[in-house]
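Scroll down for the structure; my scribbles are underneath it.
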Amino acid sequence: MSTARETIGIGMVGHAFMGAVHSHAWRNVHRFFPVAPIPRLAALGGRDEARAKAAAERFGWAAVETDWRALIARDDVDLVDICTPGDTHAEIAIAALEAGKHVLCEKPLANTLAEAEAMTTAAEKARENGVRSMVAFNYRRVPALAHARKLVASGALGRIRHVRTVYLQDWLSSSDSPMSWRLDKDKAGSGALGDLGAHIVDATQFVTGETVTGVSALTETFVGERPDGSGGTGQVTVDDCALFLGRLSGGGVASFEATRYALGRKNSMRLEVNGSKASLAFDSESMNELSWFDGGDPVTEAGFRRILVTEPAHPYLAAWWPPGHLLGYEHTFTHEIADLLTALGEGRDPAPSFADGLGVQRVLDAAGRSAAGQSRWTTTEGN
Ligand code: SOE
Numbered sequence: 001m002s003t004a005r006e007t008i009g010i011g012m013v014g015h016a017f018m019g020a021v022h023s024h025a026w027r028n029v030h031r032f033f034p035v036a037p038i039p040r041l042a043a044l045g046g047r048d049e050a051r052a053k054a055a056a057e058r059f060g061w062a063a064v065e066t067d068w069r070a071l072i073a074r075d076d077v078d079l080v081d082i083c084t085p086g087d088t089h090a091e092i093a094i095a096a097l098e099a100g101k102h103v104l105c106e107k108p109l110a111n112t113l114a115e116a117e118a119m120t121t122a123a124e125k126a127r128e129n130g131v132r133s134m135v136a137f138n139y140r141r142v143p144a145l146a147h148a149r150k151l152v153a154s155g156a157l158g159r160i161r162h163v164r165t166v167y168l169q170d171w172l173s174s175s176d177s178p179m180s181w182r183l184d185k186d187k188a189g190s191g192a193l194g195d196l197g198a199h200i201v202d203a204t205q206f207v208t209g210e211t212v213t214g215v216s217a218l219t220e221t222f223v224g225e226r227p228d229g230s231g232g233t234g235q236v237t238v239d240d241c242a243l244f245l246g247r248l249s250g251g252g253v254a255s256f257e258a259t260r261y262a263l264g265r266k267n268s269m270r271l272e273v274n275g276s277k278a279s280l281a282f283d284s285e286s287m288n289e290l291s292w293f294d295g296g297d298p299v300t301e302a303g304f305r306r307i308l309v310t311e312p313a314h315p316y317l318a319a320w321w322p323p324g325h326l327l328g329y330e331h332t333f334t335h336e337i338a339d340l341l342t343a344l345g346e347g348r349d350p351a352p353s354f355a356d357g358l359g360v361q362r363v364l365d366a367a368g369r370s371a372a373g374q375s376r377w378t379t380t381e382g383n
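Once you know that position 308 of the sequence shown is 308 in the UniProt record's numbering, the rest is easy, because the numbers rise by one and skip nothing.
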């Protein structure tokens, strides 16, 4: 990190959906959060030069590299941000860490448990030389979910009995929707399980402060072949949906559902926690709100009430607009990058670490094995 100049050079690999939201965050973070170092958008990596150049111009990156190895090797790149499909995460992250570059890696950390383990080992080794790494679970940075974690940690919910969580999308509901890298196991590792399940496993562990110790899962692929965009068809090799039950380290139980076939649900990540004293509920389609039920209220007045999480006293909100002026999806990435830069500036480890990403991967791996029928109840221990 070039601390003398109080800036940090960012090299980002990938410029599709995640590349766009990350670019937006890198560009704007220091205008709202007092982060030091300030990011410099040094280089954007993409295999197709013309497309990468167009993206760099649109998002404000100073240079383009068509080979991620060249991007890592650049003197003006201090941190590598990985926004590519999962099959490349391990190789890029390990090479960057070995080159002494900090790493931010999109979720899920990797396509396989073995890759996630190798990445975590590389991260722990690099850490000895002050090189830091973080996995990008942006929903942790939704103010309402960050507030939910605080409420649980304060003891306001009491003992956690249930977590009920779903991540629902509908973009595959039609059998005519075309193939995509997300439906190819070699590229994506898994389907809804890794892509959406990773978020709700992380959110569960983040909000409760507990870990998922074992799962029982099933997965389904509803449409096995889809148009490939050039007149033929391609084979879908991943799950379309994944449902699983889990046990939590504090003695509670959890249910998880991830699907791309919930017609009408565009991007609904919901989580409800029932404790011995209170319950809370969140829905990403109303992400500025938290529902709260206090078991101590007189029965005649008791009921779920809506907390509008837009006060300056709520997590991240002091940096933004006056109360009631809502935040959206893109802000969660700005918060993520603000937290990362703050940790780097203070010489601390950012969270969630690669080890945390590996923890999520263990749950996904156990769910995959359970769904494949290798055992009825599959623990995450001893992987
Ligand atoms: C999948 O459609 C996806 O883009 C995920 O990959 C993201 O992690 C999620 O935030 C939105 O949906």
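From the three backbone atoms N, C-alpha and C, an ideal C-beta is built for every residue, glycine too.
Keep in mind it's a predicted model, so treat the numbers as computed, not measured.
- Its chain contains 15 and 52 as the residues whose beta carbon lies nearer than 6 Å to that of residue 46, once the 5 sequence neighbours on both sides are disregarded; these appear in chain order.
- Residue environment for residue 380: buried (at least 16 other C-beta atoms within 10 angstroms of its C-beta).
- Here the C-alpha atom of residue 227 lies approximately 51 Å from the C-alpha atom of residue 154.
- Judged by DSSP in its simplified three-state form, residue 21 adopts helix.
- Spatial neighbours of residue 105 in its own chain (CB-CB distance under 6 Å, excluding positions within 5 residues in sequence) are listed in chain order as 82, 89, 93 and 135.
- Shown here for residue 237: same chain residues with a beta carbon closer than 8 Å to its own, the five before and five after excluded, namely 183, 184, 185 and 186 in chain order.
- Between the ligand SOE and the CB of residue 111, the shortest heavy atom gap is not smaller than 8 Å.
- The segment 349-359 makes contact with the segment 118-138, as at least three CB pairs between them are under 8 Å.
- Collapsing the DSSP output to three states places residue 26 in a helix.
- For residue 22, the distance from the CB to the nearest heavy atom of the ligand SOE is not below 8 Å.
- Per DSSP, the unbroken alpha helix (DSSP H) holding residue 143 starts and ends at 143-153.
- Of the candidates 9, 8, 25 and 11, 25 places its Cα closest to the Cα of residue 329.
- A Cβ-Cβ contact shorter than 9 Å links residue 87 with residue 188.
- Residue 247 holds the alpha-carbon nearest to the alpha-carbon of residue 378 among 247, 149, 164 and 190.
- With a cutoff of 9 Å on beta-carbon distance, residue 310 and residue 323 are scored as near each other.
- In the three-state reduction of the DSSP assignment, residue 12 falls in the strand class.
- Our two residues, residue 373 and residue 363, have alpha carbons roughly 15 Å apart in a direct line.
- Inclusion of residue 107 in the 8 Å shell around the ligand SOE follows from its C-beta lying nearer than that to a non-hydrogen atom of the ligand.
- Between the segment 336-345 and the segment 190-210, the count of C-beta pairs closer than 8 Å stays below three; the two stretches do not touch.
- Checking the DSSP bridge columns, you'll see residue 160 partnered with 275.
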